[in-house]
Structures are given as structure tokens and as C-alpha cells.
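One line per chain: the protein sequences are A and B, in this order.
Each residue of the first sequence is one higher than the one before, starting from 1 at the first, in UniProt numbering.
Each residue of the second sequence is one higher than the one before, starting from 1 at the first, in UniProt numbering.
Note that the Cβ used here is the ideal one computed from N, Cα and C, for glycine as well.
Every value quoted in this text rests on a predicted model; they were computed, and no experiment measured them.
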Amino acid sequence: MTHPVRFGALVTSVAQARRAEELGYDLVAVPHAPDDGDDWTLLTWIAGQTEKVGLVATGLDVARGEPAVLGRAAASLDLLSGGRLELALTGAHLDEVTGIVRGVLDAGETGPLRFLGEHHRVPKAQRGPLPAHRIPIWLTGNDQQSVRLAGRLADAWVADLERITADELATAYKQLEAAATEAGRDPEEIRRVLIVGPGLSPAELTALGADTFLVRAAELPGLSAWETLRDATGPIIFRPSSVRAKRRPGIDYDGVPAGLASTAVEPGDLDYARVRSTYMRGGAPGLVLRPRTTSEVVDALAFVRRHPDLPFGLRSAGHGVSGRSTNDGGIVVSLAAMTTIEVLDESRRLIRVGPGARWTDVAQAIHPYGWALSSGDYGGVGVGGLATAGGVGWLARKHGLTIDHLVAVEMVLADGSVVRASDSENADLFWAVRGAGANFGVVTSFEFEAYDVGDVGFAQLVVAADDPADLLVKWGRAIEEAPRDVSGQLIMGPPRPGQPVFAQLMAVVDNDDPETIIEQLQPIAAIAPLYQQNVVLTPYTGVISNAAEGGYHQGAGEPVSRSGLIEHLTPEFARAAVELLASGAVHWFQIRTVGGAVADVPAEQTAYAHRSANFSVIVMGSSKQRVDAAWAPLTAHFDGLYLSFETDLSPERVEDAFPPRTLARLRELKHRYDPDNLFRDNFNIKAATR
Amino acid sequence: MTDYGHELLFGTFITPTAQPVHQAVELAVVADRAGLDLATFQDHPYLPKFHDTWTLITYAAARTSRIRLSGNVLSLPLRQPAVLARSHASLDRLTGGRIELGLGAGAFWDGIEAMGARRLTPGQAVSALGEAIRVIRAVWDADRPGPVSVHGEFYQAEGLKRGPAPAHDMSIWVGAYKPRMLRLIGRAADGVLPSLSYLEGGPGDYATINEHIDDSARESGRDPARVRRLLNINGTFSQFGRSFLNGPAEQWAEDLAGLALEHGISTFILATDDPATIEEYAAEVAPAVRELVAAERP
Ligand SMILES: Cc1cc2nc3c(=O)[nH]c(=O)nc-3n(C[C@H](O)[C@H](O)[C@H](O)COP(=O)(O)OP(=O)(O)OC[C@H]3O[C@@H](n4cnc5c(N)ncnc54)[C@H](O)[C@@H]3O)c2cc1C
Numbered sequence: 001m002t003h004p005v006r007f008g009a010l011v012t013s014v015a016q017a018r019r020a021e022e023l024g025y026d027l028v029a030v031p032h033a034p035d036d037g038d039d040w041t042l043l044t045w046i047a048g049q050t051e052k053v054g055l056v057a058t059g060l061d062v063a064r065g066e067p068a069v070l071g072r073a074a075a076s077l078d079l080l081s082g083g084r085l086e087l088a089l090t091g092a093h094l095d096e097v098t099g100i101v102r103g104v105l106d107a108g109e110t111g112p113l114r115f116l117g118e119h120h121r122v123p124k125a126q127r128g129p130l131p132a133h134r135i136p137i138w139l140t141g142n143d144q145q146s147v148r149l150a151g152r153l154a155d156a157w158v159a160d161l162e163r164i165t166a167d168e169l170a171t172a173y174k175q176l177e178a179a180a181t182e183a184g185r186d187p188e189e190i191r192r193v194l195i196v197g198p199g200l201s202p203a204e205l206t207a208l209g210a211d212t213f214l215v216r217a218a219e220l221p222g223l224s225a226w227e228t229l230r231d232a233t234g235p236i237i238f239r240p241s242s243v244r245a246k247r248r249p250g251i252d253y254d255g256v257p258a259g260l261a262s263t264a265v266e267p268g269d270l271d272y273a274r275v276r277s278t279y280m281r282g283g284a285p286g287l288v289l290r291p292r293t294t295s296e297v298v299d300a301l302a303f304v305r306r307h308p309d310l311p312f313g314l315r316s317a318g319h320g321v322s323g324r325s326t327n328d329g330g331i332v333v334s335l336a337a338m339t340t341i342e343v344l345d346e347s348r349r350l351i352r353v354g355p356g357a358r359w360t361d362v363a364q365a366i367h368p369y370g371w372a373l374s375s376g377d378y379g380g381v382g383v384g385g386l387a388t389a390g391g392v393g394w395l396a397r398k399h400g401l402t403i404d405h406l407v408a409v410e411m412v413l414a415d416g417s418v419v420r421a422s423d424s425e426n427a428d429l430f431w432a433v434r435g436a437g438a439n440f441g442v443v444t445s446f447e448f449e450a451y452d453v454g455d456v457g458f459a460q461l462v463v464a465a466d467d468p469a470d471l472l473v474k475w476g477r478a479i480e481e482a483p484r485d486v487s488g489q490l491i492m493g494p495p496r497p498g499q500p501v502f503a504q505l506m507a508v509v510d511n512d513d514p515e516t517i518i519e520q521l522q523p524i525a526a527i528a529p530l531y532q533q534n535v536v537l538t539p540y541t542g543v544i545s546n547a548a549e550g551g552y553h554q555g556a557g558e559p560v561s562r563s564g565l566i567e568h569l570t571p572e573f574a575r576a577a578v579e580l581l582a583s584g585a586v587h588w589f590q591i592r593t594v595g596g597a598v599a600d601v602p603a604e605q606t607a608y609a610h611r612s613a614n615f616s617v618i619v620m621g622s623s624k625q626r627v628d629a630a631w632a633p634l635t636a637h638f639d640g641l642y643l644s645f646e647t648d649l650s651p652e653r654v655e656d657a658f659p660p661r662t663l664a665r666l667r668e669l670k671h672r673y674d675p676d677n678l679f680r681d682n683f684n685i686k687a688a689t690r
Numbered sequence: 001m002t003d004y005g006h007e008l009l010f011g012t013f014i015t016p017t018a019q020p021v022h023q024a025v026e027l028a029v030v031a032d033r034a035g036l037d038l039a040t041f042q043d044h045p046y047l048p049k050f051h052d053t054w055t056l057i058t059y060a061a062a063r064t065s066r067i068r069l070s071g072n073v074l075s076l077p078l079r080q081p082a083v084l085a086r087s088h089a090s091l092d093r094l095t096g097g098r099i100e101l102g103l104g105a106g107a108f109w110d111g112i113e114a115m116g117a118r119r120l121t122p123g124q125a126v127s128a129l130g131e132a133i134r135v136i137r138a139v140w141d142a143d144r145p146g147p148v149s150v151h152g153e154f155y156q157a158e159g160l161k162r163g164p165a166p167a168h169d170m171s172i173w174v175g176a177y178k179p180r181m182l183r184l185i186g187r188a189a190d191g192v193l194p195s196l197s198y199l200e201g202g203p204g205d206y207a208t209i210n211e212h213i214d215d216s217a218r219e220s221g222r223d224p225a226r227v228r229r230l231l232n233i234n235g236t237f238s239q240f241g242r243s244f245l246n247g248p249a250e251q252w253a254e255d256l257a258g259l260a261l262e263h264g265i266s267t268f269i270l271a272t273d274d275p276a277t278i279e280e281y282a283a284e285v286a287p288a289v290r291e292l293v294a295a296e297r298p
């Protein structure tokens, strides 16, 4: 039998439901609320007062309301209860109702739900919310028509042994199978739920041919008598044919290693909507593997190696711009579950962080110790992508790049070996990881030395930019002259006819003295008339808590982003930048501060080598052609680029990211560590040829 | 000066956001612990960014122990009156009388229609709401012999079984602004529930609301005091008084006490998703308003 055997209890009160949960029942089923009360209300009430037991109302009459609203209610209860709901429907026109409910729950489908049935019409409902799991829909009814409908549509069919004989049941199961087959389904997809009395032996239950037994009893029996039935069958991931139909070619779906199979997501799965896309990019991968441990990463990479012709993306928290952490039809290995953050040695401020953690989580976790670690400007960004590339953050001028505080990594290499890299172990690799990590393996944990950071000043200013070129030059000068406490950024948009031109200036001052903060900000605020100003004293967590909570990435399309590193904001550069803005080709123009402590590190010490730059320039637009054309005149002013903000795939960009000596060494190492080029989704370095 | 002598109630208006999944429930728990009287949730079943409001209310009820809960307000066109009656009565029994029924005739008809329900004109919507109240009260009237029998234009409940009855004398509060709906409330409902932000003339508009309700109540032989006057409010706690409900807690208290004494408003429901604001409202504002109002009442 395909499905593991489950036991449920028919209950009509929360006390009974709790008792069933204590006894280890898999499900509680509400046949009807007492005193003609409302079944859904009782079931939800039970959900709120139990922890893990599955939930189903076996007689939920669809006449309760609009089927589309029922779909939403089901999604809500499933979300609130942590994925415990199964939905049993009774009433008229169940084919239509089932279609509508499923249509609402299928939030990953594009476009609104349009369902024009004979009895129910849903002109244009928005889908969702996406439930926590695929909610099975149960149908009931012993007559042939009901059984056939269940065979065609349902995830489970329910019968009651008080109303059907064992012989009739056997016949009904045959009809169910026939109807399923006729509809092109695998009959095994349909669970067989049977309501039984308490006294039956395991052999009697097995003979009945059901896989889910709902026990009706005044006094709920323990499960020990039936335990053998449950032991015999372990949990199996079961994908109905409708899910399998969405599989992509060239992937050995059935060969996914056992440990990874339970968390893997494929296109027909409900969770697919949650994992297909990233923050910046729409995607349609054929398979997403979600390892939870280093050894599962090893297994995942072995699986990827068996598919050399498919795209392969590596993902931590999914904020890649340069990194293609999603793709079309390929494999994605997502490290989102590897989020552990631990303090290894308090005296050294040594912490170990999983790649899937987000920087806001890291900041929260180490704040109680009085520490911080500069990362970027957005808390949702992941550790894995940022700490393998650089990390230009809010404290960069004072404390350097994020990678400058990395002391060791554990990583899985292309051949599946697990190694540690630090200054003393695999020092070559450790050098390469700090700037070009994505080319060399999967980092499974990062060890950083954090530093003490008290409250910081956080300034958000809006200034007039009537002469934008002049503003850029003045801002650049003010930043270069500012103490290292100050790091920040400038953002400008394209000029809009009839509207005043302004710039947004942001700065963090790593100093907890309000007067010093104001003093250090003064020269920056003085470069142009102020429209708005907001300066607050906040813990570092306050500047990096800007990550969206809940939800999932729903990026669409392809980002177009260009990056350049520059030493000084000269008048010539500024004029070129203003022309770029005037072209309207970019909707985002940003300059971040580097320099300071970043430049203290010798260029040859890490693969991130353009240390002399004081500024990192970023533009984003929607048309690659237009952005590239508008960007071209600026390139003469740059000395390299920061790869994390560059989406151009031309080979020359790799040369911009790494100066010649760095690149030559990287190519040698690529040859040594990844000769077959398994890791290629982010600034791919060509292995040296020998 | 109008005062119906109602006991003052303070509540929250919590966004039923589906993401993060438990945010709304956790805010209800905060309000419960903080000692507020009511946790209420808007209902827009056409918007998937929100939880199904009734499911959320029930779940939140299971996670709280003292606070009363209601829709603010439930969208009648997408909910059956008989189901509203039974589900509210069921939950009222399960919670020991902590549930009230907040009902609205429907807003955003495009969304309602998109879900499969019928678009009504404003006039039809008032009539439908009147019929719905009759159905609901008839279902609740469990001791009356014989089945429910309401032949309306919009709802036909013929031979429907009665019951269950709620555990307490449940109120029907209706979201309303316009004369026809206000007159219906005067005749048939137990409370009026507008939002301050929709009162074009500001809080002063409440005088007109009261006039319509009071006249209609008297015409149908009811005591106007049977209709509670509720109000959804927005505000900001700040150090210095800036404007109405923008200032320190003491100023809020004076602002709200003013509304209570001037217009007889007795239930103030604050729209916020911020735990600290909920706590400040409960700890600093509610007791101060009660005190100010008690001092003025005979
Ligand atoms: C809104 C936003 C703000 C940003 N702000 C900043 C900023 O202020 N400063 C800054 O420096 N950067 C910033 N970035 C860029 C960001 O650092 C990179 O895009 C980074 O790759 C994102 O990391 P992630 O883990 O979230 O991304 P993912 O999409 O998960 O990964 C991106 C790429 O990183 C590589 N990678 C991921 N995990 C690993 C791993 N464990 N081992 C090896 N390689 C791995 C892969 O090649 C992958 O394609 C920002 C990006 C966004 C979208």
C-alpha cells in the first residue's frame, strides 16, 4: 500500500481532541458540532488548542457559503495550524466546489481564478493565501455517483462502516479505482478513509482495505493494539500524477537521495511557489533541493554532478543579483534551512553562522553581547551570498568588508569533499572564498570575529539637487574627508519634468555620542539645502531590521544592474553620471561608500582586490540594451567593479571584477578545485588550462 | 451633550494579515494581556493577503482568555446569515460569552462580485442587511417553538432549524454612515460602528449619526440607549500634543472623554498593529478616559 496507515478519532469537543492527541492519534475528525453548532468553528477552536494532530471536519456542508471563501478559510486554518488541515466536503455540486476551492488554494498559479460552472461562478477571484501544505480534499457518499466523483477528483474517499458492509466497501473501492483510472489518475493517489468502531483487530482492519481509520468510540481506545499496522509502513512522499505531470525533462526525480527527498520541491508541489523565484529574479527550476546539514549538501552536489547539462544555481537567502540562484528547468540547491547562529568563543567574539541566515538575524543574535558585524544595507540579504563576495555595509569605512572579519569556513567542494579553510588550513582556498567564493564550493558555515558596536547614529536626509553634478562632487569630497565613523550612500532618481530634483543621503555614524554624530554629519548635511532630515540614535540592529518578514520571494523577470568602483567622484565622472540619469534608462542610481578600513587590507590578501576605491556605484534599469548604452560612457572612470551588483554576463566583466594577478591565481585555483566547472552561477571563472 | 450611559469599552482593530501567519493572533494575545476589552478584525474575503476573518477570530479566541472578539465588520454579501448566527453562537458558547457580531452590508463590490456573489445597490444592501438580522435573531431564538421562517427578498429561510443560542445576549454591531442604514440600526441593531477616518466632517459628524439612530429607535418604540455607539479610531502617541489623537496619553484621554460626553460614544477601537501602542492604550488611555467620564456623569 502506498499510504502509511493513520488513525483518527471522531471528536465533538476540545477535551476529546486533546485526549486523542495525547494518545498519539494522527487526526481528529469533527463529524458535526453539538447542538447544531458550526463545524468549522469547532474545528478551528480545536486547532487553536492542540499542537500537532491533523484536523478534519468530516461533514462540512459546502452550502455554508461561497466556495471561494471556503477556500480562503481553509488556507487560513491550514496556515494558522501549521499545515494540519484536511478538508472533507459534503453537499451539492461538489465537482464545482472542489474545483473552486483548489483554484483558490493554488496560489502559485498565474492569473486570477476564473471558474464558470453551472451552479457556481467565480468571475475573477485572486488566489491564495498559499496554505502551509497541500490540503487534501475528502469526498464522501456510498452511492455510485459519489464514489465515481471521488475517484475522479478527491484526495480521499470516506465511508462509514455503520452504513456500508465490508462487501459493499470492496465493490466501492473497485469503482473508485476504475473511476480514477478512467480519469487518468493513479488509483493509489486516493486515500481510503473508513469510520470504524473501537473493537476491530489489526487483521480485521487490514482486511477492510482502508488506510485511514477514524475511530468512533464513547471512550477513545489507546492505539497499542493497532501499533503494528502503523509500524509496518513508514512515511512516503507521495506525488499524485497531476504533480508529476509538471516535471521537467532530464532530471532523475526518482533518484533524489533519500534524506533530501522529504524536503525536495518540484514544479507541481505546493511549496514550489515559495521557492521558485528569488528577491530579484523570476524562476522556474525543475527541482529545488533543500539540504539541512553538510552531509545533505554533499548528497545534493552528487545529485547535481549527475546532471551536468542542466543549469545549477546555489542559493542561501535568495538576494542574488549577479548570482543566478534560480533558473529555468535546472536544479537549485537552497541552503535556506541552514540558519544556525552560535557563539563559539565569547572572549574572541567568535561566532559561527549558517549560510541561510539573514543578516538581520545575525545582528539580532549578537546584539545582546554588544557586538555587530557590518554586512550590507538590507537585513534580508543572506550570509551565504554576501560573505563569499565582499560585504559593503553600513560600517564599512570603520570596520572594512564583511569578509575582512571572516576567520574560517567549512565548505563542500566540487568533488564532494568537506574541508575547512582559514589562514592556516587550505589558505589558498580561504583566499579565494573571500571575494570569489561562489566559484569554489558551497560554504556550509562561516566563522566570523565580530566587534563591539554601541548605539550608532542613523541619518536619512533629502537634499536639493538642482545642480546634481555639483552635488555628487561635494558629497564625494565630504565623505572622503569624514572620519571613518561615517559610512553611507547617496541615491538619486531620473529627473522628472516639473518636479524639483533631489537626492537621498543616508549615513551611519558608528559613535554613540549624539554631539559627535551631529558634528560628523554636519559637513555632509551642508552640501545642499535640506528638504527633510531624520537622525536617530539606534542600536545597529535598528539599521538592519529592514527585512520583510513572512512571505516568500516573488521576483519576476531579470534584473539589469551594473556596477563600478571608483576612487574619487570627479567633476568629469559627475557630469557623465548626470547624463546617465537624464537618459531615463535607469530607475535606480546609488553610490555606496567603501574606502577607509576597506583600503587598509592589502589588495593581494583576498580575492576581493579593488581595495583603493572609495565608492561603489550601482545602477539598475529594466532594458539591458538601454542601461548598457547609458552606462558605457561612465566605464572609463571606473577601476573595477563589485561583482555582487553586476548582472552582465560578458567574460570581460570577470576581468573587471578581479585585477590580472588576482584573476590568474583564481584561474589556477579553479583548475585545482573545480576543473569541471560545477560552480558557475555567479561570475564564473574559467579554469586555467595546462 | 449626549450620553447613553453605556459602560466604556476599549478595543483594538488588528490587520488580519496572513503574513507573518500568527501576527494578528499574537496582537490579540497582547491586547488580551494588556486588559483591553475587545479585539476586532476587518473582513475582506476577496483579499488573499488577509486571513479568513472568521477563522482568525475563532483561532484567536482559542489563544486568549478574557478579551471579547468581533468582526469589524464582517462582509454580509460573502457570508450566509444563518451560518453567521450559528458560528457566532457556537464560538460564544465555546468562549463563555466573549463574542459579538460586527456586520457590514458590503463595501468594495468589485471584489465581492469577483468572488461569485451578487452585486447589490446601496438600497438593496440595506434591505438585505435588515433581512439578515431577522434571520440571525430567529436562529438565536432557540427556545421559540417551530422553525425559522423569514421570507425576504434576499434571504429565504423557511423551515430552518433554530439554535444554538449564544451564551450571552450577543450584540449585533453594524458598520454604517448613511441615513438608511442608520435608521435600520435604530430599529433592529445593537450598535453602530463607523470609522473616524471616514467621517468627512470629523468626530462632529457623530451628532448626525446619533440623530438618525435615535429618531428611528423612538419611532419603532425602542429606547435609543439600546444602541451602543462605537468608533474606530487612529492615532499616534507623541511627546507633545499636535492634533486630535496625536499627543501624549493624557491628551488622548481628554480627546476620547470629550467624544464620550459630547456624542455618547462608548466604545473606542484603536487601529494599530504595534504591541507597544496597544499596551500604552490599555494602560494609560483607557483608565484615564473612564475616570474623566465617570467624573462628569451624574
Ligand atoms: C536588496 C539588496 C540589497 C543589497 N545590499 C547589499 C549591500 O549593501 N552590500 C553588499 O555587499 N551587497 C548587497 N547586496 C548584494 C548581495 O550581497 C548579493 O546579492 C548576495 O549574493 C546575496 O546573498 P544571498 O545569500 O541572499 O543570495 P543568493 O541568491 O542566495 O545567492 C547568490 C549567489 O551567491 C552564491 N552563494 C550563495 N550561497 C553560497 C554559499 N553558501 N557558498 C558559496 N556561494 C554561495 C551563489 O553563487 C548564488 O548564486 C544586496 C542585494 C539586494 C538584493
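- The shortest CA-to-CA distance from A:Leu153 to any of A:Leu27, A:Glu96 and A:Ala300 is the one to A:Glu96.
- Remark: the shortest separation between the CB of A:Ser644 and any heavy atom of ligand 1 falls under 7 Å.
- For B:Arg63, the closest Cβ of chain A is nearer than 8 Å.
- For B:His151, the secondary structure class from DSSP, reduced to helix, strand or coil, is strand.
- The residue from B:Ala283, B:Phe41 and B:Gln156 with its alpha-carbon nearest to that of B:Ala138 is B:Gln156.
- For A:Thr41, the closest Cβ of chain B is nearer than 8 Å.
- Look at the stretch 470–501 of chain A: it has no residue with a C-beta under 7 Å from a C-beta of chain B.
- At a threshold of 7 Å, A:His319 counts as near ligand 1, since its beta carbon sits closer than that to one of the ligand's heavy atoms.
- DSSP places A:Phe430 in the uninterrupted alpha helix (DSSP H) bounded by Ala427 to Ala436.
- For A:Phe573, the enclosing alpha helix (DSSP H) begins and ends at Pro571 to Ser583.
- Cβ-Cβ distances below 7 Å link B:Gly264 to Thr2, Asp3, Tyr4, Asn210 and Arg229 in the same chain, with the five nearest sequence neighbours on each side left out; the list follows chain order.
- In this model, A:Ser325 and B:Ala253 are separated by some 53 Å (Cα to Cα).
- For B:Gln19, the C-beta contacts it makes with chain A under 8 Å involve Pro129, Glu549, Gly550 and Gly551, in order along the chain.
- Taken from the Cβ of A:Met280, at least one heavy atom of ligand 1 lies inside 7 Å.
- For B:Ala295, no Cβ of chain A is located within less than 8 Å of the residue's own Cβ.
- Between A:Val543 and A:Trp431 a beta carbon distance of about 30 Å is seen, past the 8 Å cut, so the two are scored as non-contacting.
- Taking a beta-carbon distance threshold of 8 Å, A:Lys124 counts as an interface residue toward chain B.
- A:Asp452 is bridged by DSSP to A:Trp371.
- Taking C-beta atoms as the reference points, A:Leu60 and A:Val28 fail to come closer than 8 Å.
- A:Leu89 and A:Leu10 do not touch by the CB rule: their CB atoms are close to 17 Å apart, not below 8 Å.
- Around the Cβ of A:Lys670, a 10 Å sphere holds 16 or more other Cβ atoms; the residue is buried.
- In this structure, ligand 1 has a non-hydrogen atom nearer than 7 Å to the beta-carbon of A:Asn682.
- At a cut-off of 8 Å, the C-beta of B:Asp273 has no neighbouring C-beta in chain A.
- Note on A:Asp404: 16 or more other CB atoms within 10 angstroms of its CB, so buried under the neighbour-count rule.
- Taking CB atoms only, B:Gln80 has a neighbour in chain A less than 8 Å away.
- Under DSSP, B:His263 forms a beta bridge with B:Thr2.
- Chain B places no beta carbon closer than 8 Å to that of A:Gln16, leaving this residue out of the contacts.
- DSSP places B:Asp255 within a helical segment (H, G or I) once states are collapsed to three.
- Residue environment: A:Lys398 is assigned as buried (16 or more neighbouring CB atoms within 10 Å of its CB, all protein chains considered).
- A:Ser445 and A:Gly382 do not touch by the CB rule: their CB atoms are close to 13 Å apart, not below 8 Å.
- In this structure, the CA atom of B:Asp143 is about 27 Å from the CA atom of A:Val62.
- Taking the Cβ of A:Ala438 as the reference point, at least one heavy atom of ligand 1 falls within a distance shorter than 7 Å.
- The C-beta distance from B:Thr236 to B:Gly11 rounds to 18 Å, too long to fall under 8 Å, and the pair is not in contact.
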